[in-house]
């Protein structure tokens, strides 16, 4: 086993360089990860949260050997991800969300059989292992159907089965519940929790706060390529202590009204989320200032739905952390 | 043993995946049949009636070559599009063992072209499938598929790094089947093409198949074809290891 940590990242940096144009080529550089340091203990379920483009997937790919860091170092199971690539690969599983990554014209069984060979699962164990995993992810009985006929949830479950074929010590889950319906997402969370309880170290990235809150032992919030906060869900929630949140459902809120809300005394942050025709306004304020009346006054004349004033959640803490970093 | 299993299972499953693509199958069957038809008319008008079987075989070998060429480039590009390239490169295996089954599978599915041109010739033009060395023909066809798969691996090593690999593939298709003498004897080509032809495994593979069809020493040509291909395999294996590392540095394994 060697190291006391399953994952160690030290000052990891990754810059993407691209060249565009032919006659007058222009070089562009994007710093996706800018010095990320953290450790994940063995058997820990560690969450990596952040907005789109924050550097979550790049961080995972640096740790699972798909990308080489521009600088810094990382070890998985005590093995260096650049120098001991094959040792690292033997110990890890990688599951990402979405429709891609499977052989669509083959059956689930063929996919699993192929990856079992690739990942060196001994021939005599393959049949039993594949049957076990099909059972675990609820695809038993459907394994001979072509993957192209699978729903998104089924594909996602097949991804997970594939990632677990060689019983990895460390599992990287990159937004596994993206696009999955709520029932399937709940089953997925249960599977992840079960895996963690059997000692598998899991690094999970997700957009869903409830998922992170329910599953993760510790969470790192990443934004703009840097870690902005790291702690248990309870510790992170405290980041929003001293705040109160007013939520207003509204229809057709102009930008000027949102700006006006931002300037109200006691208001720390505002956010607008479009949900079809509806807009959900979230106003963070100092806990001792009651801004609800002022908010409603600013929104006078706009059609409103539910209005709610509440204690901050982990999601609010996350918004506070990411907004502070912006 | 485990390596052989991986290569066999990988080749069969990739061949299955390719064979289930209606597009791939139509391309594999229609283009060589058109080329075979043209070749039959050319040979007929040249008064070379006795060489019609060679024309059918030659057009079939062109199909195998096209399948390997576009397969090696296209399959890797396809793996990228499907998001499977990262997943297979992430396996704790040498890159050569991951990519070789794909390139051999493209050679294997290329034999559909060979079968199609032979059946087409027999049914439409009544070409008698009378091979001078029938057993040697089958062995040569199998060796050709594996050999071209190995050659494809060397091409694949280049293609992994290039996001527009199909541009290179397009420029290689016709010159190689022309220089290799798949249809036109290399003796009628300019002298300067000789050295290029001599180092291409396609030249020796096509020659072995032609000799098995119309008579001649099949085995020496086949041995040279296999030797060059093994060299390609060795070079490809080294190149792939280097290329995989570069791809991880340049972030070209995924689409984004």
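Chains as they are written, first to last, in the working numbering: chain E, 16 to 341; chain L, 3 to 258. A virtual CB, placed ideally from N, CA and C, is assigned to each residue, including glycine.
Interface residues of chain E facing residue i [CB-CB closer than 9 Å]
i, result
"residue 4 (chain L)", "132, 135, 137 and 138"
Contact set between residue i and chain E, taken where Cβ atoms lie within less than 7 Å
i, result
"residue 30 (chain L)", "Within 7 Å Cβ-Cβ: nothing; residue 30 (chain L) doesn't reach chain E, min ~15 Å."
"residue 88 (chain L)", "81"
"residue 44 (chain L)", "Result: empty, since nearest Cβ-Cβ is about 37 Å, beyond 7 Å."
Residue i versus residue j: straight-line alpha-carbon distance, rounded
i, j, result
"residue 253 (chain E)", "residue 23 (chain E)", "26 Å"
"residue 145 (chain L)", "residue 158 (chain L)", "19 Å"
"residue 116 (chain L)", "residue 215 (chain L)", "13 Å"
"residue 132 (chain E)", "residue 212 (chain E)", "27 Å"
"residue 329 (chain E)", "residue 128 (chain E)", "41 Å"
"residue 5 (chain L)", "residue 247 (chain L)", "22 Å"
"residue 239 (chain E)", "residue 280 (chain E)", "29 Å"
"residue 191 (chain E)", "residue 229 (chain E)", "15 Å"
"residue 55 (chain E)", "residue 106 (chain E)", "15 Å"
"residue 332 (chain E)", "residue 251 (chain E)", "7 Å"
"residue 144 (chain E)", "residue 254 (chain L)", "33 Å"
"residue 47 (chain E)", "residue 161 (chain E)", "37 Å"
"residue 29 (chain E)", "residue 123 (chain E)", "35 Å"
"residue 51 (chain E)", "residue 188 (chain E)", "18 Å"
"residue 146 (chain E)", "residue 259 (chain E)", "50 Å"
"residue 27 (chain E)", "residue 236 (chain E)", "15 Å"
"residue 181 (chain L)", "residue 209 (chain L)", "12 Å"
"residue 206 (chain E)", "residue 122 (chain L)", "54 Å"
"residue 49 (chain E)", "residue 61 (chain E)", "20 Å"
"residue 219 (chain E)", "residue 71 (chain E)", "10 Å"
"residue 302 (chain E)", "residue 257 (chain E)", "5 Å"
Contact set between residue i and chain L, taken where Cβ atoms lie within less than 8 Å
i, result
"residue 80 (chain E)", "92 and 250"
"residue 125 (chain E)", "15 and 18"
"residue 165 (chain E)", "What residue 165 (chain E) touches in chain L: nothing, since even the nearest Cβ is about 14 Å away."
"residue 377 (chain E)", "Nothing about residue 377 (chain E) can be read from this structure; chain E reaches only from 16 to 341."
"residue 128 (chain E)", "11 and 15"
Exposure of residue i, with buried meaning 16 or more beta-carbon neighbours within 10 Å
i, result
"residue 197 (chain L)", "exposed"
"residue 203 (chain L)", "buried"
"residue 187 (chain L)", "exposed"
"residue 76 (chain E)", "buried"
"residue 64 (chain E)", "buried"
"residue 142 (chain E)", "exposed"
"residue 243 (chain E)", "buried"
"residue 32 (chain E)", "exposed"
"residue 214 (chain E)", "exposed"
"residue 25 (chain L)", "exposed"
"residue 97 (chain L)", "buried"
"residue 152 (chain L)", "buried"
"residue 15 (chain L)", "buried"
"residue 258 (chain L)", "Caution applies to residue 258 (chain L), whose pLDDT of 37 falls short of 50 and renders its modelled position unreliable; the model cannot decide the point."
"residue 45 (chain E)", "exposed"
"residue 118 (chain E)", "buried"
"residue 172 (chain E)", "buried"
"residue 35 (chain E)", "exposed"
"residue 71 (chain L)", "buried"
"residue 40 (chain L)", "exposed"
"residue 176 (chain L)", "exposed"
Within chain L, the residues that residue i reaches when beta carbons sit closer than 7 Å
i, result
"residue 121 (chain E)", "15, 18 and 19"
"residue 31 (chain E)", "253"
Listed by chain order, chain L residues near residue i by CB distance under 9 Å
i, result
"residue 34 (chain E)", "None at all; the shortest Cβ gap to chain L is about 11 Å."
"residue 105 (chain E)", "94"
"residue 101 (chain E)", "94, 95 and 96"
"residue 109 (chain E)", "88, 89 and 92"
Proximal residues of chain E, C-beta to C-beta of residue i below 8 Å
i, result
"residue 60 (chain L)", "Simply none; closest approach about 31 Å."
"residue 8 (chain L)", "132 and 133"
"residue 100 (chain L)", "133"
Within chain B, the residues that residue i reaches when beta carbons sit closer than 7 Å
i, result
"residue 22 (chain L)", "Here chain B cannot be found, since the structure's protein chains are E and L."
Decide if the region 259-268 of chain E is in contact with the region 311-324 of chain E; the criterion is three or more beta carbon pairs, one per stretch, under 8 Å apart.
At 8 Å Cβ cutoff, the stretches touch.
Give the list of continuous alpha helix (DSSP H) stretches no shorter than 4 residues that lie fully inside the region 85-125 of chain E.
For the region 85-125 of chain E, whole alpha helix (DSSP H) runs of length 4 or above, ordered along the chain, are 100-106.
Kindly confirm or deny that the region 31-44 of chain L and the region 56-67 of chain L touch, where touching means at least three C-beta pairs closer than 8 Å.
yes
Is it true that the region 65-82 of chain L meets the region 92-99 of chain E, where meeting means three or more beta-carbon pairs spaced less than 8 Å apart?
no
Taking three-plus beta-carbon pairs below 8 Å as touching, is the region 180-194 of chain L in contact with the region 99-111 of chain L?
no
Please give me, in chain order, every unbroken run of the beta strand (DSSP E) with length at least 3 that falls completely inside the region 215-290 of chain E.
216-221, 233-238, 241-246, 258-266 and 282-290
Check whether the region 269-278 of chain E and the region 28-41 of chain L are in contact - that is, three or more C-beta pairs closer than 8 Å.
Verdict: no, contact absent.
Spell out a yes or no on whether the region 330-341 of chain E and the region 281-296 of chain E are touching, meaning 3 or more CB-CB pairs, one atom from each, closer than 8 Å.
Put simply, the region 330-341 of chain E touches the region 281-296 of chain E. At least three CB pairs are less than 8 Å apart.
At what residue ranges does the region 33-63 of chain E contain a whole run of the beta strand (DSSP E), taking only runs of 3 or more?
41-56
Is there contact between the region 216-229 of chain E and the region 191-200 of chain E, where contact requires at least three CB pairs shorter than 8 Å?
yes
Report the start-end ranges of each beta strand (DSSP E) in the region 301-325 of chain E that is 3 residues or longer and not cut off at the edges.
Runs found: 318-325.
List in chain order: all unbroken alpha helix (DSSP H) runs of 4+ residues lying wholly within the region 94-149 of chain L.
97-127
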